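Please read the structure below before turning to the comments.
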Amino acid sequence: MAGNDMSDRDAEFEGVRQVSTVRVVLLGILVVPPSVLLIAPVLGESGQAAATVGYVLAEALVLYVGYGALARVSGPAARAILVRT
Amino acid sequence: MEPLGLGLSTIGLLVAFGLLVGILFGFFGMGGSFLVTPALLVVGYPASVAVGSGLAFVFGTSVIGALGHRDHGQVSYPLAAVTTLGMTFGVEVGARIVFVLAELGSADALVSAAYVGLLGAVGLFVLRDARIDDTGVGTGRVATAVQAIAFPPMLSLPGGATVSVWVVLVVGSVVGVLSGCLGVGGGFLLLPVTIYGFGLPAAIAAGTSILQITVSGAFGTFVYAQSNAVDVPVVAVLLVGSALGARIGTSATRLVNEGDVRGYFAVTLLSGSVATASKQVSVVYGVEMLETVSAVLIFGTAVLVSGAIVRASVTALRANRQRSPPLNH
Numbered sequence: 001m002a003g004n005d006m007s008d009r010d011a012e013f014e015g016v017r018q019v020s021t022v023r024v025v026l027l028g029i030l031v032v033p034p035s036v037l038l039i040a041p042v043l044g045e046s047g048q049a050a051a052t053v054g055y056v057l058a059e060a061l062v063l064y065v066g067y068g069a070l071a072r073v074s075g076p077a078a079r080a081i082l083v084r085t
Numbered sequence: 001m002e003p004l005g006l007g008l009s010t011i012g013l014l015v016a017f018g019l020l021v022g023i024l025f026g027f028f029g030m031g032g033s034f035l036v037t038p039a040l041l042v043v044g045y046p047a048s049v050a051v052g053s054g055l056a057f058v059f060g061t062s063v064i065g066a067l068g069h070r071d072h073g074q075v076s077y078p079l080a081a082v083t084t085l086g087m088t089f090g091v092e093v094g095a096r097i098v099f100v101l102a103e104l105g106s107a108d109a110l111v112s113a114a115y116v117g118l119l120g121a122v123g124l125f126v127l128r129d130a131r132i133d134d135t136g137v138g139t140g141r142v143a144t145a146v147q148a149i150a151f152p153p154m155l156s157l158p159g160g161a162t163v164s165v166w167v168v169l170v171v172g173s174v175v176g177v178l179s180g181c182l183g184v185g186g187g188f189l190l191l192p193v194t195i196y197g198f199g200l201p202a203a204i205a206a207g208t209s210i211l212q213i214t215v216s217g218a219f220g221t222f223v224y225a226q227s228n229a230v231d232v233p234v235v236a237v238l239l240v241g242s243a244l245g246a247r248i249g250t251s252a253t254r255l256v257n258e259g260d261v262r263g264y265f266a267v268t269l270l271s272g273s274v275a276t277a278s279k280q281v282s283v284v285y286g287v288e289m290l291e292t293v294s295a296v297l298i299f300g301t302a303v304l305v306s307g308a309i310v311r312a313s314v315t316a317l318r319a320n321r322q323r324s325p326p327l328n329h
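So the sequence lines, in the order shown, correspond to chains Z and G. So the first sequence is numbered by the numbering used here: it starts at 1 and just counts up by one. So the second sequence is numbered by the numbering used here: it starts at 1 and just counts up by one.
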């Protein structure tokens, strides 16, 4: 029984971590690209470079959330292939 | 119709190549820049753009990898911070070396030559590793020797070991120079150093090195983008494929024994080395056929080896399903 309680708590803790990661990622998507777009023209060459970094970062965050969601909604066979260990 | 300024067939090919690279390196636990930068060199990009785009690709893949590791809480933040300091310095130095070489007109030849050597050496190492399993031999001695260097300040690591901040800075700088010169993340050096040199547990070492690569990759992307040497559309399209491929590759590690296909991976790296060499020979001596050979080698082996991983995964999934038929309710 105690073992079951522990594993339930572990699973709950893992769930909370996952939710907080998704929240951080979504917040990043909302904050990073507009900030970069606003600051880039002011900084000239460095601004363009910062925009490139921001663009790659935003795309990576979108892909992380997007493929994660795809893995969650896909069928069992596809999920076995798409879910990270 | 040319979204992102690329033809649809080019986009398709880049997504497919990204997918293959993602499967390969997701399975073997590396970032993928090992093949992306040589592939860009093979298709004719100047060395500075190939390296800059390679670093941007590394940055994107490592952000996704770092988020995955963050879910499992496997990062040593103090070690990551100090190593990153050394790496950003090294990346700046490496990038300046490439731009100086580009001005002298020898960047393409020297970066290609470095890749021929690096891919060849790592490929041979992986091949040797696949044939004889001697992990752990002498690694304890290396960790003891590194930890015996006690120049203060010292850094406490998870697992109880301590290591001099200066040692970490030197390691970070060396990896950073390599990263800035070749557009690689440097995980192939960071991982063994943190595990065998600093004595960090493997899971924490993997999470920590991916975070370090994320920050140094961002800095490298910034440095190269300042000189307009990052092809953003190409990186964007490659990332779409590789992010999906990395998921497939990572989950395949549960289904396929890495030892069974490690030899194939060595062949992929070695053929990347031969492809880069034959591309340079074709440029110098004007042999067009060698250009075709280099493209076929680098893309063909990526298709064959990632295909072998996917095939083995599907076979293992089918076998698992036959062994445990679904319950009837």
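Idealized CB from N, CA, C, for every residue including glycine. Just so it is clear, the structure is predicted and the values come from calculations on it, not from any experiment.
**Q.** Proximity of L55(G) and V91(G) at Cβ, strictly below 9 Å
**A.** As a position in the second sequence, residue 55(G) is number 55, starting the count at 1. As a position in the second sequence, residue 91(G) is number 91, starting the count at 1. Cβ atoms of L55(G) and V91(G): closer than 9 Å.
**Q.** Cutoff 9 Å: A50(Z) Cβ touching any chain G Cβ
**A.** Locating residue 50(Z) in the first sequence gives position 50, counting from the first residue. Judged by the 9 Å Cβ criterion, A50(Z) is in contact with chain G.
(Q) Our contact map puts L35(G) next to V21(G) with C-beta atoms below 8 Å; I'd like the distance itself, whole angstroms only. (A) Locating residue 35(G) in the second sequence gives position 35, where the first residue counts as 1. Locating residue 21(G) in the second sequence gives position 21, where the first residue counts as 1. So it is a contact: roughly 5 Å between Cβ atoms.
(Q) Please state whether the Cβ-Cβ distance between R191(G) and S209(G) is less than 9 Å. (A) Within the second sequence, numbered from 1, the residue matching residue 191(G) stands at position 191. Within the second sequence, numbered from 1, the residue matching residue 209(G) stands at position 209. Checking the displayed sequence, the identity of residue 191(G) turns out to be Leu instead of Arg. Taking 9 Å as the Cβ cut-off, L191(G) and S209(G) qualify as a contacting pair.
**Q.** Continuous beta strand (DSSP E) stretch holding L200(G): start and end
**A.** The residue labelled residue 200(G) in the question sits at position 200 within the second sequence. Here L200(G) belongs to no beta strand (DSSP E), and DSSP marks it neither H nor E.
Q. At least one CB of chain G closer than 9 Å to the CB of V73(Z): is that the case?
A. For the purposes of this step, residue 73(Z) is taken as the residue at position 73 of the first sequence. It does not: the Cβ of V73(Z) has no partner Cβ on chain G nearer than 9 Å.
Q: May I have the straight-line CA-CA distance separating V167(G) from L317(G), to the nearest angstrom?
A: Translated into positions along the second sequence, residue 167(G) becomes position 167. Translated into positions along the second sequence, residue 317(G) becomes position 317. So the two alpha carbons sit approximately 45 Å from each other.
Q: Since I believe A275(G) is in contact with S294(G) (beta carbons under 8 Å), could you give me their beta-carbon distance rounded to a whole number of angstroms?
A: Position 294 of the second sequence, counting from 1, holds the residue named residue 294(G). Position 275 of the second sequence, counting from 1, holds the residue named residue 275(G). With 8 Å as the limit, S294(G) and A275(G) qualify as a contact, their Cβ atoms being about 4 Å apart.
Q. Taking the alpha carbon of G300(G) as the point to measure from, which residue in A39(G), G12(G) and G26(G) has its own alpha carbon closest?
A. Indexing the second sequence from 1 puts residue 300(G) at position 300. Closest by alpha carbon: A39(G).
Q. With a Cβ-Cβ cutoff of 9 Å, do F57(G) and V235(G) count as a contact?
A. For the purposes of this step, residue 57(G) is taken as residue 57 along the second sequence, with counting starting at 1. For the purposes of this step, residue 235(G) is taken as residue 235 along the second sequence, with counting starting at 1. With respect to V235(G), F57(G) sits close: the two C-beta atoms are nearer than 9 Å.
Q. Exposed or buried, G286(G), counting other C-beta atoms within 10 Å across all chains shown (16 or more means buried)?
A. Taking the second sequence and counting its residues from 1, the one referred to as residue 286(G) is at position 286. By the neighbour-count criterion, in which 16 or more other beta carbons inside 10 Å mark a residue as buried, G286(G) falls on the exposed side.
Q. Would you say V63(G) faces chain Z, with C-beta separation under 9 Å as the test?
A. Here the question's residue 63(G) lines up with position 63 in the second sequence. Among the CB atoms of chain Z, one or more fall inside 9 Å of the CB of V63(G).
Q) Going along chain G in order, which residues have a C-beta closer than 9 Å to the C-beta of A78(Z)? A) Here the question's residue 78(Z) lines up with position 78 in the first sequence. The premise fails here: A78(Z) is roughly 10 Å from chain G at the closest Cβ pair, so nothing lies under 9 Å.
**Q.** Under 7 Å by beta carbon: chain G residues contacting A60(Z)
**A.** Walking along the first sequence from the start, residue 60(Z) turns up at place 60. Per Cβ cutoff of 7 Å: G60, V63, I64 and L239.
Q: Check whether the Cβ of T221(G) lies closer than 9 Å to any Cβ atom in chain Z.
A: Within the second sequence, numbered from 1, the residue matching residue 221(G) stands at position 221. It does; some Cβ of chain Z falls within 9 Å.
Q. Are the beta-carbon atoms belonging to S306(G) and L24(G) less than 9 Å from one another?
A. Mapped onto the second sequence, residue 306(G) falls at position 306. Mapped onto the second sequence, residue 24(G) falls at position 24. Against a cut-off of 9 Å, the Cβ pair of L24(G) and S306(G) comes out as a contact.
Q: Buried or exposed for D260(G), please, with buried defined as at least 16 other CB atoms from any protein chain shown within 10 angstroms of its CB.
A: Along the second sequence, read from residue 1 onward, the residue named residue 260(G) stands at position 260. By the neighbour-count criterion, in which 16 or more other beta carbons inside 10 Å mark a residue as buried, D260(G) falls on the exposed side.
Q) Can you tell me whether DSSP reads L6(G) as helix, strand or coil? A) Counted from its first residue, the second sequence places residue 6(G) at position 6. In this structure, L6(G) counts as coil in the three-state DSSP scheme.
Q. What does a CB cutoff of less than 7 Å around A202(G) pick up in its chain, not counting 5 residues either side in sequence?
A. Position 202 of the second sequence, counting from 1, holds the residue named residue 202(G). Contacts found: I195.
Q: List the DSSP bridge partners of M87(G).
A: In the second sequence, the residue the question calls residue 87(G) occupies position 87. Note: M87(G) sits in no beta bridge, so no partner.
Q: Take F151(G) and list the residues in its own chain whose beta-carbon comes closer than 7 Å to its own, dropping the five residues that flank it on each side.
A: What you label residue 151(G) is simply residue 151 of the second sequence in a count that begins at 1. Hits under 7 Å: S164 and W166.
Q | Beta-bridge partners of S164(G), as assigned by DSSP | A | Here residue 164(G) refers to the residue found at position 164 of the second sequence. Paired residue(s): M154(G).
Q. Do the CB positions of S173(G) and M87(G) come within less than 9 Å of each other?
A. Position 173 of the second sequence, counting from 1, holds the residue named residue 173(G). Position 87 of the second sequence, counting from 1, holds the residue named residue 87(G). Closer than 9 Å, so yes.
Q | Residue of G26(G), V49(G) and G199(G) minimising C-alpha distance to P233(G) | A | The residue you call residue 233(G) lines up with position 233 of the second sequence. If we check each option's Cα against that of P233(G), V49(G) comes out closest.
(Q) Quick check on G18(G): buried or exposed, where buried means 16 or more other Cβ atoms within 10 Å of its Cβ? (A) In the second sequence, the residue the question calls residue 18(G) occupies position 18. A buried status is given to G18(G), since no fewer than 16 other beta-carbon atoms sit within 10 Å of its beta-carbon.
**Q.** chain Z contact for L190(G) (CB, 9 Å cutoff)
**A.** Position 190 of the second sequence, counting from 1, holds the residue named residue 190(G). Not an interface residue.
Q | Contact under 9 Å by Cβ, A50(Z) with F222(G) | A | Stepping through the first sequence from its first residue, residue 50(Z) is reached at position 50. Stepping through the second sequence from its first residue, residue 222(G) is reached at position 222. For the pair A50(Z) and F222(G), the CB atoms are nearer than the 9 Å cut-off.
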